[in-house]
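As structure tokens, the structure follows; a few thoughts come after it.
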Amino acid sequence: MMYALISSYMSHIRPYVPAWAALPLLLVLAGCMTPERAMRETESIGSRLATDYRRQVTGNTNTFSIARPSDRLRVRLQLARENTETPAPDALPVPLVLTLDDALAAGARNSNEYQESKEAVFSAALDLQLQQHAFETTFEGVLGGGLARAESSGGEESGDTTSDKATGGGKSTLTRKFANGATLTASLGLDVVRLLTGDRSTTLGLLGDATIKMPLLRGSGRLIAMEALTQAERNLIYAIYGFESFRQNYA
């Protein structure tokens, strides 16, 4: 019965379905993210913000990285060992000459304070990104569907009848918060089954809504609405100052 019902609906898809009917499926696929990709994007965002604010505060143009200096030195040593030709049994390995930066990197291997000060900058950068995200346009989508079966008695002549009804719908919502505290919310809902089958007997299966919320007393004003963002920027600057001060004293 389920296969027959799906086949019946599929027979109506070609003449009635619009080109944008596949948009909900594309949005669902675009919203999927693996844990590895999430970690890479998080590290990229934190490094970018830390590098930008570090350049503004200190003028340092080096890319900020959360990786330990000892890890980068270990990679160099491993590559140097792999690129070296296999020596004779009696030959001594060629020593690797360390520069001052390499020596400091090796010394930072066991320095938990150095890594903690660097992680404090990275954590403050992620907090800043979270506050910035609050003022970005966010998207939320919900899809749902179901199948209902109803049995009715038609009397002795016609007998009992069974009817199946499929339901399916989706709703997408866009939300944007502005610097003055106002929040804009726009949503679009649709009845997927009604759109696919072309049933226009009652409604078109589309519903749109837009709402603007403006605080009048509590939470109103640019300074109040952006207080958390301003404090997050200050925390990142303070963390950068602390990290640079520790680097100078450590060297």
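Using numbering that gives the first Met the number 0, the first residue of the sequence shown is number 0, and each one after it goes up by one. The C-beta atom is built at its ideal place from N, Cα and C for all residues, glycine as well.
- Only buried fits D126, as 16 or more other CB atoms lie within 10 angstroms of its CB.
- In this structure, the beta-carbon distance from I223 to T57 does not fall below 9 Å.
- By the Cβ-count criterion, V96 is exposed, with fewer than 16 other Cβ atoms from all chains shown falling within 10 Å of its own Cβ.
- I211 sits in a strand when the DSSP states are folded into three classes.
- Across the structure, R217 and A105 are spaced so that their CA atoms are roughly 53 Å apart.
- For D126, DSSP records no beta bridge to any residue.
- For R175, the beta-bridge partners assigned by DSSP are L183.
- When secondary structure is reduced to three states using DSSP, L97 falls in the coil class, being assigned neither helix nor strand.
- With a threshold of 16 other beta carbon atoms within 10 Å, G168 meets it and is buried.
- With at least 16 other beta carbons inside 10 angstroms of its own, D190 counts as buried.
- In this structure, the beta-carbon distance from A123 to A49 falls below 9 Å.
- The C-beta separation of F245 from Y113 comes to about 7 Å, placing the pair in contact by the 8 Å criterion.
- By alpha-carbon distance to I44, the top candidate from T184, F121 and Y249 is F121.
- By the Cβ neighbour-count rule, M225 is buried, with 16 or more other Cβ atoms within 10 Å of its own.
- Looking at the DSSP output, G168 sits in a beta bridge with G143 and D190.
- Counting along the chain, F134 sits inside no alpha helix (DSSP H), nor does DSSP assign it H or E at all.
- Using a 10 angstroms sphere on the CB of L235, the tally of other CB atoms reaches 16 or more, which defines it as buried.
- Taken through DSSP and simplified to helix, strand or coil, L216 comes out as coil.
- If you check the CB distance, E139 and T172 come in under 9 Å.
- Here G180 is near S219, since their CB atoms are less than 9 Å apart.
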